[in-house]
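Participant: Here's a structure for you.
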Amino acid sequence: MSAQILIVDDDPVQRRLLEAAVERLGHTPRSCDGGAAALDAVENVASDPFDAVLLDLVMPDVDGLTVMRVMRERDVDIPVIVLTAQGGIDVVITAMRAGAFDFLVKPVSPERLETALEAALKVNSKQASSSGQDGVSAVRAMVAGSEAMDRVKTLMRKAAATDIPVLIEGESGVGKELIARAIQADSARKNKPFVVVNCGAIPENLIESILFGHERGAFTGATEKHTGKFLEANGGTLFLDEIGELPLDAQVKLLRAIQEGEIEPVGAKTSKRVDIRIISATNRDLIAAIKEGRFREDLFYRLNVFPILVPPLRQRVSDIPQLVHHFVDSYRREEPAFKARGISPRALALLQAHDWPGNIRQLQNAVFRAMVLCDGNMLGEADFPQISAQVHGIDPKEIGEAGEADIAGAAPSRRTELDRVPPAAAGDWMDDADESDILHMLDESGNVRPLTALEAEAIAFAIDYYGGQMSEVARRLGIGRSTLYRKLKEYNLGDTGVPAQ
Numbered sequence: 008m009s010a011q012i013l014i015v016d017d018d019p020v021q022r023r024l025l026e027a028a029v030e031r032l033g034h035t036p037r038s039c040d041g042g043a044a045a046l047d048a049v050e051n052v053a054s055d056p057f058d059a060v061l062l063d064l065v066m067p068d069v070d071g072l073t074v075m076r077v078m079r080e081r082d083v084d085i086p087v088i089v090l091t092a093q094g095g096i097d098v099v100i101t102a103m104r105a106g107a108f109d110f111l112v113k114p115v116s117p118e119r120l121e122t123a124l125e126a127a128l129k130v131n132s133k134q135a136s137s138s139g140q141d142g143v144s145a146v147r148a149m150v151a152g153s154e155a156m157d158r159v160k161t162l163m164r165k166a167a168a169t170d171i172p173v174l175i176e177g178e179s180g181v182g183k184e185l186i187a188r189a190i191q192a193d194s195a196r197k198n199k200p201f202v203v204v205n206c207g208a209i210p211e212n213l214i215e216s217i218l219f220g221h222e223r224g225a226f227t228g229a230t231e232k233h234t235g236k237f238l239e240a241n242g243g244t245l246f247l248d249e250i251g252e253l254p255l256d257a258q259v260k261l262l263r264a265i266q267e268g269e270i271e272p273v274g275a276k277t278s279k280r281v282d283i284r285i286i287s288a289t290n291r292d293l294i295a296a297i298k299e300g301r302f303r304e305d306l307f308y309r310l311n312v313f314p315i316l317v318p319p320l321r322q323r324v325s326d327i328p329q330l331v332h333h334f335v336d337s338y339r340r341e342e343p344a345f346k347a348r349g350i351s352p353r354a355l356a357l358l359q360a361h362d363w364p365g366n367i368r369q370l371q372n373a374v375f376r377a378m379v380l381c382d383g384n385m386l387g388e389a390d391f392p393q394i395s396a397q398v399h400g401i402d403p404k405e406i407g408e409a410g411e412a413d414i415a416g417a418a419p420s421r422r423t424e425l426d427r428v429p430p431a432a433a434g435d436w437m438d439d440a441d442e443s444d445i446l447h448m449l450d451e452s453g454n455v456r457p458l459t460a461l462e463a464e465a466i467a468f469a470i471d472y473y474g475g476q477m478s479e480v481a482r483r484l485g486i487g488r489s490t491l492y493r494k495l496k497e498y499n500l501g502d503t504g505v506p507a508q
């Protein structure tokens, strides 16, 4: 079936070569000589939209990354295949994270171009055919409504429409396995096995056996035949969690299994074909691991065909109310003895002020603990003693277990005399202010100072003003102590607020 392909490249020779290649594949090409013209083209063609875009990454007016960013902002959902002469791994990751469907290094072979276009057109057609379905989508049902997660959901829908390998990146606790399961549930393999492998929890000497299986008597202790995770997932999806923890020798065997589509159980004389979809996840920086020689670059390319970066909870605090209500409802259904039916506005504000280093998993555990503590119909601040302590700048280790549930009542005893001073009127404060009390917004040239400089100066002033009492400094600044110490390190400030030498 003929498709409309938009070609964007500032080099006229490259444009002509791509036009000829696209026509030989039976499609209709249309060319633009730059990013600005491409944006006009995709926005103005409503009756007969493009099915895919071949986009040069480096152009003089508007580059390819900018084109993809603007397309995303304007909700132009067309698969983009990036073309560039720079094939470095950093360039690949940047392009894929910007929304590229595939990445081709010039000069592009006709076979590689055909494969990339076929995959992109397949995804586009599946998205179009599924857009009118009335069934409940697992991706749509996910508890997340922030703009950051809308972007993740868009990528998930694209991933579900095809079998390409997916790499989900994000901190621990952000819900990477949940995302993988939602992709599987919305894919053509939804009724097939979904097998999870925690690569960081497998003993090194058993990795090959657990992944590929073994025959009886293959090694000492192998008293029974073992199927292996690859064969368990045959026809479905294999989810490789913590893929960055896999040892190098196991990475070689995994790469071969993915490339060849077949495995060889330990002790077997013949190999076995498998039909599986690979979804991987990591909380590590695999690019850094490649540079340090801890992860194979060729395996990374195989796994990272379609990357999805999941933002931490602290970058999408607007999702917290929805998540909390979801957890409360779930726990009430599981345990009817729980009394709480909701959460107070002050308690919700407390949760939104926390950093959540453990992300959604930590939030879920905090809500469960609060449900156990709560004696009323609404979760309150007192039901989150550890979170309250951290948000208000009190070290949880200073709280005795006996009085922990009453932290909200105990907090006033920690307050300084400053709490009892009535606030002066703004005019009086300005009249009495010392020059050292004023945070200057403009630099010497009359321009607004960078936000980082203002924040560093505010932290240094607070440390000096409160005599280095870090709990009081954190509470007055409205941040947790862990955040305060992180910012001290970030701005190279010592505990006294003076820049470290």
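Residue numbers for the sequence shown follow this note's numbering, so the first one is 8 and each next one is one higher. All C-beta atoms, glycine included, are put in the ideal place defined by N, C-alpha and C. Just so we're clear, the structure is a prediction, and the values are computed from it rather than from any experiment.
Whole angstroms are fine: how far does the CA of residue 163 sit from the CA of residue 23?
Facilitator: 34 Å
Participant: May I ask you to report which of helix, strand or coil DSSP gives residue 240?
Facilitator: coil
Participant: Rounding to the nearest angstrom, what Cα-Cα distance links residue 367 and residue 287 in this structure?
Facilitator: Each residue's CA atom was taken as its position, placing residue 367 and residue 287 some 19 Å apart.
Participant: Look up residue 91 in the DSSP assignment and give the residues it is bridged to.
Facilitator: 112
Participant: Work out the CA separation of residue 246 and residue 203 for me, nearest whole Å.
Facilitator: 5 Å
Participant: Quick check on residue 349: does DSSP put it in helix, strand or coil?
Facilitator: strand
Participant: Where in the segment 294-359 do unbroken runs of the alpha helix (DSSP H), each at least 4 residues long, occur, reported from the N-terminal end onward?
Facilitator: 304-310, 327-341
Participant: Counting only the same chain and skipping the five closest in sequence on each side, list residues whose C-beta sits under 6 Å from that of residue 174.
Facilitator: 287, 310, 311, 314
Participant: For my contact list, residue 88 and residue 61 are in at a C-beta cut-off of 8 Å; report their separation, rounded to the angstrom.
Facilitator: 5 Å
Participant: Determine the contact status of residue 253 and residue 237, defining contact as a CB-CB distance below 8 Å.
Facilitator: no
Participant: Tell me, to the nearest whole angstrom, how far the beta carbon of residue 357 is from that of residue 297; I am working on the premise that it is less than 8 Å.
Facilitator: The Cβ separation is near 41 Å, so there is no contact.
Participant: Scan the segment 148-190 and note each continuous alpha helix (DSSP H) run of 4 residues or more that stays entirely inside, going in chain order.
Facilitator: Entirely contained in the segment 148-190, the alpha helix (DSSP H) runs reaching 4 residues are, in chain order, 154-167.
Participant: Between the C-alpha atoms of residue 148 and residue 337, what's the straight-line distance to the nearest angstrom?
Facilitator: Residue 148 and residue 337: Cα-Cα distance of roughly 15 Å.
Participant: Measure the C-alpha to C-alpha separation of residue 492 and residue 321 and round it to an integer number of angstroms.
Facilitator: 17 Å
Participant: Taking Cβ to Cβ, would you say residue 27 is nearer than 8 Å to residue 75?
Facilitator: Using a Cβ distance threshold of 8 Å, residue 27 and residue 75 do not count as a contacting pair.
Participant: Return the CA-CA distance between residue 475 and residue 369, expressed in angstroms with no decimal places.
Facilitator: 30 Å
Participant: Which partner residues does residue 285 have in the DSSP bridge list?
Facilitator: Residue 285 is bridged to 245.
Participant: Beta-carbon within less than 7 Å of residue 403's beta-carbon, same chain only, minus the 5 sequence neighbours each way: which residues are those?
Facilitator: Bear in mind that a pLDDT of 45 at residue 403, under 50, signals an unreliable position, so the model cannot answer this.
Participant: Which same chain residues end up closer than 7 Å to residue 205 when comparing Cβ atoms and leaving out the 5 residues on each side of it in sequence?
Facilitator: 248, 249
Participant: Between the C-alpha atoms of residue 207 and residue 79, what's the straight-line distance to the nearest angstrom?
Facilitator: 35 Å
Participant: Leaving out five residues before and five after residue 150 in sequence, what residues of the same chain have Cβ atoms less than 7 Å from its Cβ?
Facilitator: 329, 330, 333
Participant: Take the Cβ of residue 230 as the centre, count every other Cβ of all protein chains shown within 10 Å, and call the residue buried at 16 or more, exposed below.
Facilitator: For residue 230, the number of other beta carbons within 10 angstroms of its own is below 16, and it is reported as exposed.
Participant: Go ahead and label residue 142 buried or exposed: buried means 16 or more other beta carbons lie within 10 angstroms of its beta carbon, across all protein chains shown.
Facilitator: Below a pLDDT of 50, predicted positions are generally treated as unreliable, and residue 142, at 45, falls in that range; no measurement from the model is reported.
Participant: So, is residue 216 buried or exposed, given that buried needs 16 or more other C-beta atoms within 10 angstroms?
Facilitator: Counting Cβ neighbours within 10 Å, residue 216 comes out buried, since at least 16 surround it.
Participant: Can you tell me which residues form a DSSP beta bridge with residue 59?
Facilitator: Beta-bridge partners assigned by DSSP to residue 59: 12.
Participant: Any heavy atom of the ligand ZN closer than 7 Å to the CB of residue 63?
Facilitator: As presented, the structure is devoid of all ligands, the ligand ZN included, so that no description of it is given.
Participant: Apart from the five residues on each side of it in sequence, which residues of its chain come closer than 8 Å, Cβ to Cβ, to residue 373?
Facilitator: Only 358, 391, 393, 394 meet the Cβ criterion.
Participant: Looking only at DSSP bridge pairs, what is residue 269 linked to?
Facilitator: 280
Participant: When DSSP labels each residue in this structure, what does residue 484 get in the three-state scheme?
Facilitator: helix
Participant: Pull the bridge partners of residue 36 from the DSSP assignment, please.
Facilitator: 12
Participant: For residue 326 and residue 153, I'd like the C-alpha separation in whole angstroms.
Facilitator: 6 Å
Participant: Go ahead and label residue 21 buried or exposed: buried means 16 or more other beta carbons lie within 10 angstroms of its beta carbon, across all protein chains shown.
Facilitator: buried
Participant: Below 7 Å CB to CB, which residues in the same chain sit around residue 178 once its five sequence neighbours on both sides are set aside?
Facilitator: Answer for residue 178: 290, 319, 366, listed in chain order.
Participant: How would you call residue 9, buried or exposed, if buried means at least 16 neighbouring beta carbons within 10 angstroms?
Facilitator: exposed
Participant: Let me know the secondary structure DSSP gives residue 201 once reduced to three states.
Facilitator: strand
Participant: Report the three-state DSSP secondary structure of residue 385 (helix, strand or coil).
Facilitator: strand
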